[in-house]
Amino acid sequence: MRNFNNIIVTGGSGFIGANFIRHILSDTDFAGRIINVDKLTYAGNPENLQDVVGGIDESRYVFSRTDICDYDAIDSLFAKYNVDCVIHFAAESHVDRSIHGPGEFVRTNINGTFTLLEAARKYWADNKETLFHHVSTDEVFGSLGETGYFFEDTPYDPRSPYSASKASSDHLVQAYHHTYGLNITMSNCTNNYGPYQFPEKLIPVMVLNILAGKDLPIYGDGQNIRDWLYVIDHNTAIWDIVTKGRIGETYNIGGENEWTNLDLVNSLCEIMAELTGKDNKDFYKKLITYVKDRLGHDRRYAINCDKIKGELGWKQSVTFAEGLKETLKWYLENDEWIENIKSGSYLEWMDKNYETR
Ligand code: NAD
Ligand code: TYD
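Each residue of the sequence shown is one higher than the last, beginning at 1047 in this note's numbering.
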């Protein structure tokens, strides 16, 4: 079991990174310091962590507003904090945005990861034990038909600018391990859901639109399939990998929980009706609206995660019904978080993405 004193978490103010820091500081016996390195793009929100890190001192948590493409800044953070682990979440993460503007995805996901690896390579010369964990996605494997699963050794076949940029970063991480001997681990995970997810992804878009009585936009025929995992379960898996995983290995993480978008949105409508006290469970379903399909829309993702289950003893902790109910309750109880999110950039995005469909 590896122990760490100073962990750099990149993208720790985003959806999964913030849930990760919350989990590590509150629910594990980690006694060291987290250095959260985040540029605070539209998706980064310091409010996501305020209650956990508010009163905490610098021996446990430090925030640095830094772009991962800034080599000098990253280089000095490594030296200043004696870093023994990097967990790299920071990325541009939304497929639709990558279709509207791929440049930022190439910059952050490819050049940013390259910059981090370069700074790490220099630091490694005297700190050979330091671990670099790269957080990636199942989307690098492409799109499945009605059957089959992605395994760790499935050939890469990315099809969107987002997945192509993530695939490229995955290859760089592997190359730095094979060429320079950097200590790395990697994970490829399916779609996450849970609290603090920015309302551009499917579940929070639907939740906010249900609350506002707006249309629920289903792309294409609504039969695309995603495999959904509660964000806490993604984070317990990452912690298992960094503390116990084999160096140089990739682990797939999944929910084993496949849903068509249409069935999922129907289910969200039913849970919301129950939580908001509507007698008719179909009350919100009338809002469902079919809109133009996403360009190059991947049909199905599904992960085989036997490796992490068998090797590290990880497993999912909640059913989809439980996780969804908790998530929807969280959105209902956190209207202030939602109001604060509804900034110019959020509204601009909603206009741009949905007006053209
Ligand atoms: P997110 O968009 O919610 O958060 C990304 C964070 O990275 C934000 O805090 C943002 O400010 C920060 N960031 C962006 N560009 C940066 C830069 N140049 N320098 C420093 N910080 C920067 O993303 P997320 O959903 O939390 O995803 C986190 C990671 O997990 C990503 O690498 C993503 O590819 C991967 N992943 C996500 C999912 C999912 O369902 N959301 C599934 C599998 C893998
Ligand atoms: P998304 O949450 O963007 O994740 P990803 O594309 O990375 O899987 O989308 C999940 C699925 O939901 C995907 O098939 C696209 C679809 N979708 C809609 O039908 N309507 C929407 O408004 C959004 C945001 C997504």
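Beta carbons: idealized from backbone N, C-alpha and C, even for Gly.
Nothing here was measured: the structure is a model prediction, and the numbers come from that model.
Alpha carbon of residue i to alpha carbon of residue j, nearest angstrom
i, j, result
"residue 1321", "residue 1120", "45 Å"
"residue 1174", "residue 1229", "7 Å"
"residue 1330", "residue 1209", "33 Å"
"residue 1076", "residue 1347", "33 Å"
"residue 1277", "residue 1363", "11 Å"
"residue 1351", "residue 1233", "11 Å"
"residue 1293", "residue 1164", "19 Å"
"residue 1087", "residue 1212", "18 Å"
"residue 1355", "residue 1397", "42 Å"
"residue 1168", "residue 1236", "32 Å"
"residue 1252", "residue 1125", "44 Å"
"residue 1199", "residue 1184", "12 Å"
"residue 1190", "residue 1300", "15 Å"
"residue 1336", "residue 1375", "26 Å"
"residue 1324", "residue 1257", "13 Å"
"residue 1132", "residue 1284", "12 Å"
"residue 1357", "residue 1134", "22 Å"
"residue 1353", "residue 1069", "23 Å"
"residue 1290", "residue 1393", "43 Å"
"residue 1101", "residue 1095", "11 Å"
Residue i beta carbon near the ligand NAD (any heavy atom closer than 7 Å)
i, result
"residue 1137", "yes"
"residue 1244", "yes"
"residue 1181", "yes"
"residue 1085", "yes"
"residue 1059", "yes"
"residue 1344", "no"
"residue 1113", "yes"
"residue 1301", "no"
Any non-hydrogen atom of the ligand TYD closer than 7 Å to residue i Cβ
i, result
"residue 1207", "no"
"residue 1265", "yes"
"residue 1312", "no"
"residue 1338", "no"
"residue 1141", "yes"
"residue 1155", "no"
"residue 1393", "no"
"residue 1192", "no"
"residue 1237", "yes"
"residue 1298", "no"
"residue 1185", "yes"
"residue 1272", "yes"
"residue 1371", "no"
Proximity of residue i and residue j at Cβ, strictly below 8 Å
i, j, result
"residue 1216", "residue 1180", "yes"
"residue 1339", "residue 1265", "yes"
"residue 1197", "residue 1303", "no"
"residue 1097", "residue 1058", "no"
"residue 1049", "residue 1128", "no"
"residue 1108", "residue 1067", "no"
"residue 1254", "residue 1384", "yes"
"residue 1145", "residue 1206", "yes"
"residue 1186", "residue 1204", "yes"
"residue 1395", "residue 1150", "no"
"residue 1136", "residue 1114", "yes"
"residue 1106", "residue 1071", "yes"
"residue 1161", "residue 1117", "yes"
"residue 1317", "residue 1371", "yes"
"residue 1231", "residue 1141", "no"
"residue 1319", "residue 1326", "yes"
"residue 1405", "residue 1223", "This structure cannot settle anything about residue 1405, because the visible part of the chain is limited to 1047 through 1403."
Buried/exposed call for residue i, threshold 16 Cβ in 10 Å
i, result
"residue 1225", "exposed"
"residue 1243", "buried"
"residue 1171", "exposed"
"residue 1104", "exposed"
"residue 1368", "exposed"
"residue 1386", "exposed"
"residue 1201", "exposed"
"residue 1221", "exposed"
"residue 1341", "exposed"
"residue 1074", "exposed"
Chain C contact for residue i (CB, 8 Å cutoff)
i, result
"residue 1056", "Chain labels in this structure do not include chain C; a single protein chain is all it has."
Residue i Cβ short of 7 Å to the ligand PLP heavy atom set
i, result
"residue 1056", "Of the ligands one can find in the structure shown, namely the ligand NAD and the ligand TYD, none is the ligand PLP."
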